[in-house]
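Structure, as structure tokens:
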Amino acid sequence: MKTNEEVQPQDLPAICSQLLAGDLFDEPVKAALSARGAAQEKLFEIAREARLKGFPDGRAEIRSVVEISNICKQRCNYCNIGCEDTKKFVIPSNDLLDIASFLYHEKRRRVLLLQSGENKDKRFVSNVIRACGLIKDKMPDLELIVCIGNLSRDQYRELRETGVERYLLKIEASRPSLYERVKPNDRWAERRRCLDDLAELGFLVGSGIIVGLPGQTEDDLVADLRFLSDLQLHMVSASVFIPGQHTVYESMPCGDVETTLNFMALLRVMNPTALMPTTSSLEKLKADGQYLGIMAGANTVTIHDGTPQAFQSLFPIYDEKRYRPNDDHLREIVERAGLQLAA
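The numbering of the sequence shown is the UniProt record's numbering, which starts it at 1 and goes up by one.
Encoded structure:
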């Protein structure tokens, strides 16, 4: 993904100023996405300046994640969650309360992400809603993020009424035909409807894309940047494509980490007040990838310390060698990047 002319460091301030002014011109954005070396360092510097304006306290959010179920109704071409030969699990609501209590009292976590495969089965969603209600009753200052996929508006409303503050629903690709190619069991219009419902119901909404999907073009990335920024989201993200084992895309090449980092930097420039994670996919493909994500403007780290050990191998995301960053690693890269972890 490169344009004919290599972008120079001195070009980046003007390109980013255009973005800040609300102008998004395709060729300059494509040039910025291809930045390497000194030009990439300049882009990252501009992204960090934008982050500092949006978050002047210089703090990075730390969140624990609990993978509450590996049942997924989507069967996306790139993801191996929910494969037919995998043992299925669902963590009951009372057990989720115990896990949340441990993370809150022992780990001092104040943000918790409840994540699963995409599943709007009434019984499963009711279990999540009940768990969230129990958690908020006992720990009202524990901020909850839920990520379980497309639901009905009524299901979202019930979830919001328990006190859940945030919902994460990745668009993955803003071009409907690409979205439906990589997620053949879903429709883009339904995904878009869910994002609208979440915002209207008062959730702080997060969304993001995958950089390097098979069939994705530079024009797609420009459109993705515009789409995510127009939504005025509370959380934005970009992860690099890694084909899951035993999936349709298993033999496809991984996405490019450098392009992903540049997309993150541009996303930060356009969304200075949004939370943005540095994902484990970056670390899996490149040593110090998550540190570079922070240097590119990210300010959120996720620690995988909530899923019971017995279930961790059943939620692989990419493969059995999934990278799970620990507390020490994330604290080290945040401090090295000049930020502080929020309590």
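C-beta: ideal position from N, C-alpha, C; glycine also.
Report the rounded CA-to-CA distance for residue i versus residue j, giving the unit in angstroms.
i	j	result
Pro-308	Phe-315	11 Å
Arg-110	Asp-327	15 Å
Thr-3	Cys-147	Because the pLDDT at Thr-3 is just 43, under 50, the model does not fix this residue reliably, and the point stays unresolved.
Ala-274	Ser-237	9 Å
Asp-57	Asn-299	11 Å
Ile-135	Phe-102	11 Å
Phe-311	Leu-282	23 Å
Ser-280	Arg-36	22 Å
Ser-17	Ala-32	12 Å
Val-65	Leu-159	18 Å
Met-235	Ile-15	23 Å
Phe-252	Arg-193	Going by the sequence as given, residue 252 is Met instead of Phe. Looking at the two C-alpha atoms, the distance is approximately 30 Å.
Leu-261	Leu-292	7 Å
Lys-185	Leu-168	Correcting the residue type first, residue 185 is Asn in the shown sequence and not Lys. Answer to the nearest angstrom: the Cα atoms are 19 Å apart.
Glu-6	Ser-34	8 Å
Pro-9	Phe-227	26 Å
Phe-25	Ala-189	26 Å
Asp-220	Asp-256	15 Å
Asn-61	Asp-121	Just to set this straight, residue 61 is Glu in the shown sequence, not Asn. Each residue's Cα considered, the two are about 31 Å apart.
Leu-198	Glu-118	16 Å
Asp-95	Arg-324	22 Å
Met-1	Met-139	Summary for Met-1: the model assigns pLDDT 36, below 50, so the residue's position carries little reliability; its value from the coordinates is reported in the next sentence. If you take the alpha carbons of Met-1 and Met-139, they lie about 47 Å apart.
Glu-250	His-304	24 Å
Lys-107	Thr-278	21 Å
Leu-20	Asp-11	15 Å
Met-295	Ala-50	12 Å
Ile-91	Asp-23	46 Å
Val-248	Tyr-156	31 Å
Ile-317	Gly-149	15 Å
Glu-335	Gln-290	12 Å
Pop quiz: residue i and residue j are said to be a contact at Cβ under 8 Å. What is the actual Cβ separation, rounded to whole angstroms?
i	j	result
Val-164	Leu-178	Val-164 to Leu-178, Cβ: 30 Å. No contact.
Phe-44	Ala-265	6 Å
Gly-297	Ala-47	3 Å
Val-182	Asn-77	5 Å
Thr-259	Val-211	6 Å
Cys-254	Leu-285	6 Å
Ser-239	Gly-208	7 Å
Val-128	Ile-68	7 Å
Ser-93	Arg-130	4 Å
Gly-133	Thr-162	4 Å
Gly-306	Ile-99	6 Å
Leu-267	Leu-225	6 Å
Lys-53	Pro-272	5 Å
Leu-142	Leu-112	6 Å
Phe-241	Leu-195	Not really, about 21 Å apart at Cβ, beyond 8 Å.
Val-222	Lys-30	7 Å
Ala-342	Arg-59	4 Å
Which of the three DSSP states is assigned to residue i in this structure?
i	result
Thr-162	coil
Tyr-167	strand
Val-182	helix
Met-235	strand
Thr-273	coil
Gly-37	helix
Lys-2	With a pLDDT of only 41 at Lys-2, under the threshold of 50, the placement of this residue in the model should not be trusted, and no figure is reported.
Arg-108	coil
Ala-60	strand
Cys-76	coil
Gly-208	strand
Val-7	coil
Leu-198	helix
Leu-144	strand
Leu-213	coil
Ser-69	strand
Leu-24	coil
Leu-339	coil
Ser-152	coil
Just reading off the alpha helix (DSSP H) that residue i is part of, what are its end residues?
i	result
Leu-220	The displayed chain sequence assigns Asp, not Leu, to residue 220. Run containing Asp-220: 218 to 230, per the alpha helix (DSSP H) assignment.
Practice item. Note down, one range per segment and in chain order, each beta strand (DSSP E) of at least 3 residues found wholly within the segment 111 to 142. Key: Counting only runs of 3 or more, we get 111 to 116.
Review point. What are the complete beta strand (DSSP E) segments, minimum 3 residues, inside the segment 234 to 317?
Key: Counting only runs of 3+ residues, the beta strand (DSSP E) found wholly inside the segment 234 to 317 occupies 235 to 240, 300 to 303, in chain order.
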